[in-house]
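All residue numbers for the sequence shown refer to our numbering, where the first residue is 2 and numbers rise by one.
Ideal Cβ positions, reconstructed from N, Cα and C, are used throughout, including at glycine.
Please read the structure below before turning to the comments.
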Amino acid sequence: MFQEYDVIVVGAGHAGCEAAAAAATMGSSVLLITMNMHTIAQMSCNPAMGGVAKGQIVREIDALGGQSGIISDKTMIQFRMLNLSKGPAMWSPRCQSDRAMFATEWRNVLENNPNVDFWQDTAKEILIEDGKACGVKTSLGIEIKSKSVVLTNGTFLNGLIHIGEKNFGGGRTGEKAATGITEQLLTLGFEAGRMKTGTPPRVDGRSLDYSKMEEQPGDENPSKFSYTDTKPLAKQRSCWITYTNSEVHEILRTGFEKSPMFSGRIKGIGPRYCPSVEDKINRFADKDRHQIFVEPEGWDTVEVYVNGFSTSLPEDVQYAALRKIPGFENAKMFRPGYAIEYDYFPPTQLKSTLETHLIKNLFFAGQINGTTGYEEAACQGLMAGINAHQNVYELDPFVLKRSEAYIGVLIDDLINKGTEEPYRMFTSRAEYRTLLRQDNADIRLTEKGYDLGLASQERLDNVNKKKAEVAQIIAAFSGTKLTPEEINPTLEAIGTAALREKIALAQLLKRPQISIDQLTEASPIVADLLEKYGTDSIHQAEINLKYDSYIEKEMLLVEKMNKLENLNIIENFNYDVVTSLSFEGREKLKRTRPQTIGQASRISGVSPSDISVLMLFIGR
């Protein structure tokens, strides 16, 4: 009935879709197994992509040849570039998405890839021979053979949903949990844990009074995620902001005794950076209000997502509290919020390729690794799909360094430090964030995607053109000078010091008050210089010129760290023979199995003296 596949992907969420699309585009035969063909790429939580640091990840996925950026562009209903008041390392694209369109577009992408097959079923067991994954067994008792398996189970592994004192098995509302996989992996020697996440109630937008809320429109000139020719938004839908109040808090407190979180019925650890509303009013009792973002779910639906009101309190308490929020006095609830507990596997059990140490050709990606968020899941799926394909065809593994991508930071953090709470990406986690900006992801990564067979020739040509244009603009700005007479009126108008002598455009642009647009308006020379170049190239050149000293400083740090990254540790290195290692360092090294000295240096519990001992031992 079934052929032997190169790659089987279990789960069709954001990680599973990127894994299947990547491996299939690179030439692998792929079977995507999902419990429900109608929930492929479903946005189970908020209908949005991107955000602080997450937007950088989406752009990196796109630059490598993944699909999340393209699909976000096609299905967004609002776009905003966050943190524009800060430096470009902090700028982060975010879009509000049409939930239904997003899932439809993803399914279309997968169905239009001839290398992707589908099977609606539940994987109950991984088939293993000689320590290698070689397929799956489903709930129907069908054994399907493959050369590699990627697990992207999301919140479904022994999922348990909580609403007040009620709890029931489920991977998300209306869908059953998945059993069998956790139990099998435990018998094979894997460690597992429990995590928790939650979602807010959904309400009828027709029942809300938006006149009592603050409007949050999209950007006047919306950008996009993908470096391809996807079209920017021509029209947008607004989001809205309102606030809880003391009356809301008092009503919520009446449900605390029935709260599964406070009663101890929930054992899993939830996301610290996205707490439930009851957790917020408990932990921050001194605050008399909390922000609520009112987010439409699409172009053609009245359903609204109440961002900031995630809860697992009894549904009657949720409803009563909601109706005390300004604008929600007559709110009608479509469904209550809930919390969900699920199994995850500490990611220190993985290689940097996301392949498990214990079982060859078995990969984990997404929430099974303890992460939270569509973007974090999608990039792991992309990397697991790439490396599953590379394994099958005996090609070199594909790993991104911390200095190359936020994706590299995320995976490096997971496999070396692990996580005991749902891991979420922030710009602060990236020590080289000036290099890892959202504007230059194509320059950093598209050539790598092309070499893998994932990014197209057209993408590579566009990047090479952009590189050439940026170099030409920088050269022109470095070699062109303006006189005081030409530029001083503009400088005085914007409140910065006037010139006394000629100055190169490149030097003038380093002033924080001055932008390339202001120079273009002020001087015909600048306007003429830039007339033939694209907007992306101009802005890229501006950032490179304005922040070149910071960029150079980070590049020197990268060079220093790369010396350690290039010192490889053999795969089965026996740490027990290195008697000078600390006891904790030895145990952590044996458990994590780092591939390089640089990776070893970032393991929690491995001291600088342990690293010195290791370097001496391997002759460095």
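Per DSSP, residue i forms a beta bridge with which residues?
i	result
C135	C135 pairs with nothing; no bridge assigned.
H163	N168 and A340
V393	Looking at the DSSP assignment, V393 forms no beta bridge with any residue, so it has no partner.
A49	Q97
N569	T597
V31	V8 and V117
G56	Partner(s): none; G56 has no beta bridge.
E144	K138
N308	F294
K197	E342
V318	In DSSP, V318 forms no bridge with anything.
Determine the DSSP secondary structure at residue i, reduced to helix, strand or coil.
i	result
S98	strand
D205	strand
P525	helix
F346	coil
L158	strand
T76	helix
G70	helix
I619	coil
L351	strand
F103	helix
Q458	helix
M82	strand
I645	Absent from the structure is residue 645, since the part of the chain shown begins at 2 and ends at 621.
V400	coil
Y658	No information on residue 658 is available, as it lies outside the stretch 2 to 621 that the chain covers here.
I504	strand
F329	coil
L152	strand
P173	For clarity, residue 173 is Arg in the given sequence; the question names Pro instead. Looking at R173 - three-state DSSP - the assignment turns out to be strand.
M2	coil
T580	coil
L483	strand
I270	strand
C240	strand
Quick check on residue i: buried or exposed, where buried means 16 or more other Cβ atoms within 10 Å of its Cβ?
i	result
F103	buried
Q495	Note on identity: in this sequence residue 495 is Ile, with Gln being the wrong assignment. Under this definition I495 is an exposed residue.
P297	buried
D518	exposed
R465	It is worth fixing the name first, because residue 465 is Asn in this sequence and not Arg. Flag for N465 reads exposed.
P48	buried
K547	buried
P202	buried
E553	exposed
W300	exposed
G165	buried
A332	buried
V578	exposed
R434	buried
K75	buried
K148	buried
R460	buried
T536	exposed
Q541	buried
A628	Summary: the structure shown does not reach residue 628, with the chain confined to residues 2 through 621, and so no result is reported for it.
Give me the Cβ distance between residue i and residue j, rounded to the nearest whole Å; I'm assuming they're in contact under 8 Å.
i	j	result
S247	S277	Not quite, the Cβ-Cβ distance comes to about 18 Å (not below 8 Å), so this is no contact.
K361	G136	Contact doesn't hold; Cβ gap of about 14 Å is too wide.
E192	P347	5 Å
N417	R603	5 Å
L1	T481	The question about residue 1 has no answer, for the chain in this structure spans 2 to 621.
P272	T198	6 Å
G338	F310	7 Å
I544	P89	5 Å
Does at least one heavy atom of the ligand ADP sit under 7 Å from the Cβ of residue i?
i	result
Y228	Looking for the ligand ADP in the displayed structure turns up nothing, as the structure carries no ligands at all.
Examine chain C for any beta-carbon lying closer than 8 Å to the beta-carbon of residue i, and answer yes or no.
i	result
T105	Within the model displayed, chain C is absent; a lone protein chain is all it includes.
Mind the definition here: the stretch 18-31 touches the stretch 43-55 only if three or more C-beta pairs lie below 8 Å; say whether that holds.
no
Segment contact flag, the stretch 151-167 with the stretch 336-356, C-beta cutoff 8 Å, min 3 pairs:
yes
Any contact between the stretch 64-73 and the stretch 221-230? By contact I mean 3 or more CB pairs, one from each, below 8 Å.
yes
Counting Cβ pairs closer than 8 Å, one from the stretch 396-409 and one from the stretch 184-202, do we hit at least three?
no
Just checking, does the stretch 76-93 make contact with the stretch 232-247 on the three C-beta pairs under 8 Å criterion?
yes
Quick one: any contact between the stretch 247-257 and the stretch 279-288, if contact means 3 or more CB pairs under 8 Å?
yes
Would you check if the stretch 7-22 and the stretch 376-390 touch, i.e. whether three or more CB-CB distances between them fall below 8 Å?
yes
Taking 8 Å as the threshold, find out whether the stretch 33-44 comes into contact with the stretch 416-436 through three or more Cβ pairs.
no
Cβ pair count under 8 Å reaching 3, the stretch 319-337 against the stretch 120-130
no
Does the stretch 448-467 come into contact with the stretch 486-506, if we say contact requires no fewer than three beta-carbon pairs (one atom in each stretch) closer than 8 Å?
no
Across the stretch 595-613 and the stretch 441-457, are there enough close Cβ pairs to call them in contact, namely three or more that are closer than 8 Å?
no
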